[in-house]
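Numbering (the working numbering), first residue to last: 241 to 465. Structure first, commentary second.
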């Protein structure tokens, strides 16, 4: 395992053992996948998190700058509020408007990136990233090294309508969690592997997928957002 990844898992395991954190990060569905879902909590919608922030700053993805395993957009990660101010002062990010932030979120969705936040239930969201499986340290640890306990699922899960599916493969190409595969020229979906990013919903040309609340989702203190 990469020495940088080893240092992350050592740090995460220590924090998890000490119960400092329950997970390292949390998946947030893309907005386009939630357009038809009622009563979406702010914690489940990246755009709402940004809209309620006092300061939005945009930074280059440190993971993609380090690993350089893909050509996905770089300036796509948000640092908010006091943390964002510190990053600006250090020259690591720049202030942006909500309209500019929405444009970046749209670019992330079009590029097939997974929205994720650092996860700590009793702390405000100060970081919102758009991640790829080939560079993000958390996604690498989950997908390549089986450390799935560090990443918290979104409060939503994809639900298929098989009669509408045309087996075009668009969702298979978009799913970074291997929840969707081709089996004998037909799309096969494994809900147990779905983290709820919503990328499949926003790309399905047949509208055969929708996001549904995940039954085992914990209650979240929305006063923090």
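Even for Gly, the Cβ is constructed at its ideal location relative to N, Cα and C. Given the structure is predicted, the values throughout are model-derived calculations rather than measurements.
query: Give me the residue from 331, 347, 368 with the minimum Cα distance to residue 272.; result: 347
query: The alpha helix (DSSP H) that contains residue 247, what's its start and end?; result: 243 to 257
query: In angstroms, rounded to a whole number, what distance separates the CA positions of residue 247 and residue 376?; result: 14 Å
query: Taking Cβ to Cβ, would you say residue 397 is nearer than 7 Å to residue 434?; result: yes
query: In this structure, what does DSSP give as the bridge partners for residue 421?; result: 428
query: With 16 as the cutoff for other CB atoms within 10 Å, does residue 438 come out buried or exposed?; result: buried
query: Among residues of its own chain, excluding the 5 on either side of residue 260, which ones have a beta-carbon nearer than 7 Å to its beta-carbon?; result: none
query: Within the continuous beta strand (DSSP E) that includes residue 315, where are the two ends?; result: 315 to 320
query: Could you check the C-alpha separation between residue 462 and residue 394 for me, to the nearest Å?; result: Confidence is the limiting factor: at residue 462 the pLDDT is only 33, short of 50, which leaves the residue's position unreliable and the question unanswerable from this model.
query: For residue 307, which residues in the same chain have their Cβ closer than 8 Å to its Cβ, ignoring the five residues on either side in sequence?; result: 374, 375
query: Using the Cβ count rule (16 or more neighbours within 10 Å means buried), how would you classify residue 363?; result: exposed
query: Over the uninterrupted beta strand (DSSP E) stretch that includes residue 398, give me the two end residues.; result: 396 to 400
query: Which full runs of the beta strand (DSSP E) of 3+ residues lie inside the region 298 to 384, going along the chain?; result: 315 to 320, 333 to 335, 354 to 358, 367 to 371
query: Specify whether the region 423 to 433 and the region 378 to 386 touch according to this definition: at least 3 beta carbon pairs, one from each stretch, less than 8 Å apart.; result: no
query: Pull the bridge partners of residue 441 from the DSSP assignment, please.; result: Answer is none; residue 441 lacks a bridge partner.
query: Just to confirm before moving on: does the CB-CB distance between residue 357 and residue 266 stay below 7 Å?; result: yes
query: Could you compute how far the alpha carbon of residue 339 sits from the alpha carbon of residue 295?; result: 13 Å
query: Please name the residue, chosen from 407, 404, 291, that lies closest to residue 320 on a Cα-to-Cα basis.; result: 291
query: Which value, in whole angstroms, describes the spacing of the CA atoms of residue 428 and residue 379?; result: 22 Å
query: Kindly indicate which three-state DSSP category residue 290 falls into: helix, strand or coil?; result: helix
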